[in-house]
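> Quick one: this structure, given as structure tokens, is what I'll be asking you about.
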Amino acid sequence: MSAAEKYLLFVWKPTGYELRERDGQLPAVGAVLEEHEGRMLVTRVSPSPLPGDSRRCAYLQAH
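Just so it is clear: in the sequence shown, position 18 is 504 by the working numbering, and no numbers are missing.
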């Protein structure tokens, strides 16, 4: 699987944020995802926050 088929999720949690790696198509802003914490809303999509990482990152908040 190429880097283009991998992306990151920046997930909001009551204790802080968590960075998770996922395979497949990057979700769009406004999409609702099911995560361990429940339904999460994609609020932003941007480059990875990790230096030198070419993946995109979707930022999630509780929905």
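For each residue, glycine too, the CB sits at the ideal point set by N, CA and C.
Fair warning: this is a prediction, and the values are worked out from it, not measured in the lab.
Is L512 close to the ligand NAP? I mean its beta-carbon at under 7 Å from any heavy atom of the ligand.
This structure lacks the ligand NAP; in fact it carries no ligand of any kind.
> Exposed or buried, Y503, counting other C-beta atoms within 10 Å across all chains shown (16 or more means buried)?
On the sequence shown, residue 503 is found 17 positions in, with the first residue counted as 1. It is exposed - the Cβ of Y503 has fewer than 16 other Cβ atoms within 10 Å.
> Where G538 and Y493 are concerned, what is the direct C-alpha to C-alpha distance, given to the nearest angstrom?
Numbered from 1 along the sequence shown, position 52 holds the residue referred to as residue 538. Numbered from 1 along the sequence shown, position 7 holds the residue referred to as residue 493. Cα to Cα, the separation comes out at about 14 Å.
> Drop a sphere of 10 angstroms on the beta-carbon of V497, count the other beta-carbons inside from all chains shown, and report buried for 16 or more, exposed for fewer.
Counting from 1 along the sequence shown, the entry for residue 497 is found at position 11. Buried: at least 16 other Cβ atoms inside 10 Å.
> Return the chain-ordered list of same chain residues with a C-beta closer than 8 Å to the C-beta of S534, the five sequence neighbours on each side being excluded.
If you number the sequence shown from 1, residue 534 lands on position 48. Contacts found: L494, S540, R541, R542 and C543.
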